[in-house]
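With the sequence shown counted from 1, adding 17 to any position gets you this note's numbering. Using N, Cα and C, we set each Cβ at its ideal position, and we do this for glycine too. Bear in mind that the values here come from a model prediction, so they are computed numbers and not experimental data. Remarks on the structure that follows.
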Amino acid sequence: MIEVAHQYGLRAPRSVTLSPASAQDSLYLDPSLVKDCVVKPVGSGGSDHVYFCKTEPETLQAITTIQNSTTLLGEKSPSVVLQEYVDGPQYFVNTVTAEGRHIVTEVFRYGLTEESGAPHIYSAITVGPEDNHYSGAVEYTLSLLDALEVNFGASHVELRWSKGQWVLIEYNGRCMGPEVPDEVYFPTRGFSQISVLATMLVDGLQAAEQEVLAGNLDGCVAWLMPIPQSNGVLQQCHWDLVQTRPTVQRISRRPKIGTYIDNSNRVTTGAFGMVLLGSSDRAAVETDLQSLESFDAHGDLFTVAPGKDA
């Protein structure tokens, strides 16, 4: 895929895949990737076992850790990807394709940090043409899908705006995950990637296109995936701070009191709750999301006690 992107003039990071058997030998084949790189499993989800490494020892340790682990998807001793590090804001574009024609269902901008050698994706919000990067993200994505000869199905493309150009982070031939529930999407936008895909499968491409055109493209959907800021036993969740925000529609996957918290692998699956926001008033959603992000960053949403037993 990286090679195809390069052939069509689309920037993509240099990368190499290492199997458990070849890891040590392969490192010396491309020494430029040993430093300032991203190390991650070949197949997983979210930020599962993703590491940012600045030195060769950090890279070697990350490879060993991943190949001695079990991924979010249950794979043991996975192969590892070393990828050139790309700086900049990260977006993702969701599409549905039939007969080689692509329908863009939404564009999201991530909220993320890159601290302690690993990424932490904590939020995302839909953006439209009012975002300076919207058109470019869409253009890159459609060009990539054409280059890959994607003719049918759903796609989820992640990319970063870096040094004045778009750079591919990853392509996934699937719908985005975790999926935002219909009861949040439909009152706000009138459709979702899942609903457009279903319409296309049942009623055809034209009906899917009409579903998007009939929706509210100005509607704004966002989510926050909070996580406790320290290890220990979860004592209390302060959802009252969340529920007072007017654009909050739902809190899903609320964690159980007494759950042991381990932040060694901050996987972005919403395991500690997923706050879903939606409104036709974009400014209101942005204001509420920023407030919730602040609560989360300061550790105000959870009370955690030291130890491993409730």
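Taking the C-beta atoms as reference points, C237 is found no nearer than 9 Å to L214.
Beta-bridge analysis with DSSP links F312 to no other residue. Every unbroken stretch of the beta strand (DSSP E) spanning 3 or more residues and falling wholly within the region 120-165 is given here in chain order: 135-144. Scanning the region 236-270 for uninterrupted beta strand (DSSP E) segments of 3 residues or longer gives 237-241, 249-254, 265-269, listed from N- to C-terminal end. DSSP, read as helix, strand or coil, puts L90 in coil. The beta carbons of C70 and V56 sit closer together than 9 Å.
The shortest CA-to-CA distance from G181 to any of G117, N149, R262 is the one to N149.
If the five residues before and after H315 are omitted, its C-beta is found closer than 6 Å to no C-beta atom of its own chain. Rounded to the nearest angstrom, the gap between the Cα atoms of T158 and K325 is 45 Å.
Straight across, the Cα-Cα distance linking Y102 with C54 is about 5 Å. Straight across, the Cα-Cα distance linking P272 with I244 is about 10 Å.
A distance of 9 Å or more separates the beta carbons of R262 and P198.
Residue burial is scored here from C-beta neighbours: Q100 has at least 16 other C-beta atoms within 10 angstroms and is therefore classed as buried. Contact between the region 123-130 and the region 85-92 is absent: fewer than three C-beta pairs spanning the two stretches fall below 8 Å. Scanning Q107, I278, D298, S61 for the CA closest to the CA of N189 turns up S61. Nearest neighbour of L306 by Cα position, chosen from A141, L176, S269, turns out to be A141.
Burial is judged here by how many other beta carbons sit within 10 angstroms of a residue's own beta carbon; V51 has at least 16 and is buried. As a beta-bridge residue in DSSP terms, N111 pairs with E123, H173.
Here the C-alpha atom of L222 lies approximately 29 Å from the C-alpha atom of I19. With a cut-off of 8 Å on Cβ pairs, the region 156-171 is in contact with the region 114-129, counting three or more such pairs.
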